[in-house]
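**Student:** I'd like to ask you about the structure that follows.
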Amino acid sequence: MTCNIFYTSKKHKNYAEEIAKKLGSRTFNMIVDNEKPYLEVNDLGLSFFHPKARAKKSFIIDFNSRSMSWRLKRADHERLIKKALGKSEQPQKILDCTAGLLQDSLLFLTLGHEVTAVEQSNILFHLLEDGMKRSKENEIFSRLTLVNANACSFVREAKEFDVIYFDPMFPQAKKTALRSAQLEYLTKILEHESIKNNPKEEFQLLQLMSVNKLIIKRPINANPFGEGINYQVKGKTIRFDIYLD
Ligand SMILES: C[S@@+](CC[C@H](N)C(=O)[O-])C[C@H]1O[C@@H](n2cnc3c(N)ncnc32)[C@H](O)[C@@H]1O
């Protein structure tokens, strides 16, 4: 399902219409209904509002505000991801099958790699594209290709990658859902678009691709998606299952 796009100033009309065309939605030059989810274009950029989200503010991707702190906050995660990737002489070509908020992709990029990140949600894809346009991280984003697709359909046409990374949504744990308003918004967007995944089946398709390394992020105590794990990198709450070709 798509949603209406509101713009509050004439200068945003063309941009709102451009996105509406891609999403197959309608534009209005005022907020006509805030009882349903909507997208809004204003001076801050493109944002998504959901009336049932706990956060009262609408959801916007802002790489600039996070750029100073996101690495520090995720230092432990960064250590685990580095370990999962392993050392390489050359920058790696990474296919991130689950772009999400691009936080893991940003980590790969900061480590000097080249990333193709795939996001299935049309709404999230446009929010990310908008955030990237406003970002000051031009050098970093020059090594990122963002694709709007289900990664499983994309990999069939994909060229050679060194690494595939797969971080599907974890089953809804109350604690996790409470922790992050961003994660709640992500879940609401997927619900709104009626997107449901079967990560185990998707994993089996991804496994058919010939790559050196397949990295799967899982909750620490969850069952693996498949047999043949070569090694695991474990944190307190998550782990990476690594499959080598
Ligand atoms: C847990 S989040 C990923 C978070 C991301 N690793 C980050 O660091 O921000 C999962 C995201 O991947 C997307 N996703 C899940 N399965 C996918 C698939 N098969 N193809 C494309 N996107 C997928 C979901 O729509 C969601 O946005």
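Just so it is clear: in the sequence shown, position 119 is 1609 by the numbering used here, and no numbers are missing. Think of the CB as a built atom: it goes at the ideal place given N, C-alpha and C, for glycine as much as any other residue.
If residue 1587 and residue 1656 are in contact, beta carbons under 8 Å, what's the gap, nearest whole angstrom?
**Tutor:** So it is a contact: roughly 5 Å between Cβ atoms.
**Student:** Using CA atoms only, rank isn't needed, just tell me which of 1513, 1502, 1511 is closest to residue 1519.
**Tutor:** Of the candidates 1513, 1502, 1511, the one whose C-alpha sits nearest the C-alpha of residue 1519 is 1502.
**Student:** Quick one: give me the first and last residue of the beta strand (DSSP E) that residue 1764 is part of.
**Tutor:** Limits of the chain in this structure are 1491 at one end and 1735 at the other, which puts residue 1764 out of reach.
**Student:** Can you tell me which of 1497, 1508, 1516 puts its alpha carbon nearest to the alpha carbon of residue 1491?
**Tutor:** The option with the nearest alpha carbon to residue 1491 is 1516.
**Student:** Is the stretch 1695-1710 close to the stretch 1607-1619, with three or more CB pairs under 8 Å?
**Tutor:** Contact between the stretch 1695-1710 and the stretch 1607-1619 is absent, because fewer than three Cβ pairs lie under 8 Å.
**Student:** Is residue 1608 close to ligand 1? I mean its beta-carbon at under 8 Å from any heavy atom of the ligand.
**Tutor:** Checking every heavy atom of ligand 1 against the Cβ of residue 1608, one is found closer than 8 Å.
**Student:** Going by the beta-carbon positions, is the gap between residue 1551 and residue 1591 smaller than 9 Å?
**Tutor:** Yes, these two residues count as a Cβ contact at 9 Å.
**Student:** Which same chain residues, not among the five before or five after residue 1667, have their C-beta less than 8 Å away from its C-beta?
**Tutor:** With a pLDDT of 46 at residue 1667, under the threshold of 50, the modelled position of this residue cannot be trusted; read the value that follows with caution. Excluding sequence neighbours, residue 1667 sits near 1673, 1674, 1677.
**Student:** Do you know offhand how far residue 1644's Cα is from residue 1548's?
**Tutor:** Distance between the alpha carbons of residue 1644 and residue 1548 is about 30 Å.
**Student:** May I have the straight-line CA-CA distance separating residue 1460 from residue 1500, to the nearest angstrom?
**Tutor:** What is shown of the chain runs 1491 to 1735, which leaves residue 1460 out entirely.
**Student:** How far does the beta strand (DSSP E) with residue 1550 in it reach, from first residue to last?
**Tutor:** No beta strand (DSSP E) holds residue 1550; DSSP gives it neither H nor E.
**Student:** According to DSSP, simplified to helix, strand and coil, what is residue 1558?
**Tutor:** Because the pLDDT of residue 1558 is 46, which lies under 50, any placement of that residue in the model is unreliable, and the question is left without a value.
**Student:** Between 1686, 1706, 1685, 1661, which has its C-alpha nearest residue 1694's C-alpha?
**Tutor:** Residue 1694 has its Cα closest to that of 1706, out of 1686, 1706, 1685, 1661.
**Student:** Can you give the Cα-Cα distance for residue 1642 and residue 1692, rounded to whole angstroms?
**Tutor:** Cα to Cα, the separation comes out at about 6 Å.
**Student:** Would residue 1599 and residue 1544 be called neighbours here (beta carbons separated by less than 9 Å)?
**Tutor:** Against a cut-off of 9 Å, the Cβ pair of residue 1544 and residue 1599 comes out as no contact.
**Student:** At a cut-off of 8 Å, is residue 1549 close to ligand 1 when judged by its beta-carbon and the heavy atoms of the ligand?
**Tutor:** No, the Cβ of residue 1549 stays beyond 8 Å of every heavy atom of ligand 1.
**Student:** Going by alpha carbons, who is nearest to residue 1622 out of 1595, 1573, 1521, 1542?
**Tutor:** When each option's Cα is compared against that of residue 1622, the closest is 1595.
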